[in-house]
Amino acid sequence: MALWMKKMNCLPFIYLKLNKMKISAIFICLNFFILNFCLAQEKNAIQFNKKIVSYKNIQHDFINKDTIVVEYTFLNVGTVPVRILGVDSSCTCTTPSYSQGDIKPGETGKIVLSTTKSQLRISNSVYAVIMASTTKRYYKIVLKWE
Numbered sequence: 018m019a020l021w022m023k024k025m026n027c028l029p030f031i032y033l034k035l036n037k038m039k040i041s042a043i044f045i046c047l048n049f050f051i052l053n054f055c056l057a058q059e060k061n062a063i064q065f066n067k068k069i070v071s072y073k074n075i076q077h078d079f080i081n082k083d084t085i086v087v088e089y090t091f092l093n094v095g096t097v098p099v100r101i102l103g104v105d106s107s108c109t110c111t112t113p114s115y116s117q118g119d120i121k122p123g124e125t126g127k128i129v130l131s132t133t134k135s136q137l138r139i140s141n142s143v144y145a146v147i148m149a150s151t152t153k154r155y156y157k158i159v160l161k162w163e
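Residue 163 is where the sequence shown ends in our numbering, and the numbering goes up by one at each step.
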């Protein structure tokens with residue numbers, strides 16, 4: 018009898034069966050981790066240049082009398098086209114507008130918020146919630162008075 022059989026204290030076919038079970042378990046675990054990694058990568062995602070804009074940082078070109086217009090840009094960092102499904106502002110004094118249609122991978126889109134200086138002074142901030150056709154469904158952008 019071979020030395021390894023004496024150490025294992027079993028017959029060769031039992032040792033081979035145990036070895037196959039170990040290999041199968043390792044193979045199943047590897048498949049699980051590889052599949053999990055592939056699914057965890059977002060195929061559709063957007064990334065904003067800035068999510069919070071302060072009134073101090075707005076250039077005077079954007080200020081027209083009492084109206085403040087701020088443009089937020091975002092980049093499609095995914096691998097499939099995304100679409101902005103809607104933008105809801107925190108108050109009726111804020112008017113949102115956004116890029117219509119599909120934004121292809123690598124392209125940029127924009128969301129524009131327009132509000133009044135008086136409203137921004139009263140509430141200190143105005144925000145909008147963006148609903149997009151991405152894995153992370155909702156995004157929030159803010160315009161702050163400082």
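Ideal Cβ positions, reconstructed from N, Cα and C, are used throughout, including at glycine.
**Segment limits, beta strand (DSSP E) that includes residue 161** = Element bounds for residue 161: 155-161.
**Asked** Between residue 70 and chain C, is there a C-beta pair that is closer than 8 Å?
**Response** Looking at the structure shown, chain C is missing, and only one protein chain is on hand.
**Request:** Label residue 126 either buried or exposed according to how many other C-beta atoms from any shown protein chain fall within 10 Å of its C-beta, with 16 as the threshold for buried.
**Result:** Residue environment: residue 126 is assigned as buried (16 or more neighbouring CB atoms within 10 Å of its CB, all protein chains considered).
**Message:** So, under 8 Å CB-CB, residue 143 and residue 106 are touching, yes? Tell me the CB distance rounded to an integer number of Å.
**Reply:** 7 Å
**Message:** Check for me: the beta strand (DSSP E) holding residue 88 runs from which residue to which?
**Reply:** Unbroken beta strand (DSSP E) run through residue 88: 84-93.
**Message:** Within a Cβ cutoff of 6 Å, which residues of the same chain sit near residue 93, ignoring the five residues on either side of it in sequence?
**Reply:** 63, 99, 120, 122 and 124, listed in sequence order.
**Message:** For a quick check, are the C-beta atoms of residue 158 and residue 128 less than 8 Å apart?
**Reply:** yes
**Request:** Check residue 64 in the structure and name its three-state DSSP category.
**Result:** strand
**Request:** Determine the closest residue to residue 134 out of 102, 146, 111 and 156, with distance taken between C-alpha atoms.
**Result:** 111
**Asked** Which one or two residues does DSSP pair with residue 113 in a beta bridge?
**Response** Within the DSSP bridge table, the entry for residue 113 names 130 as partners.
**Asked** Looking at the structure shown, is residue 135 part of a helix, part of a strand, or coil, going by DSSP?
**Response** helix
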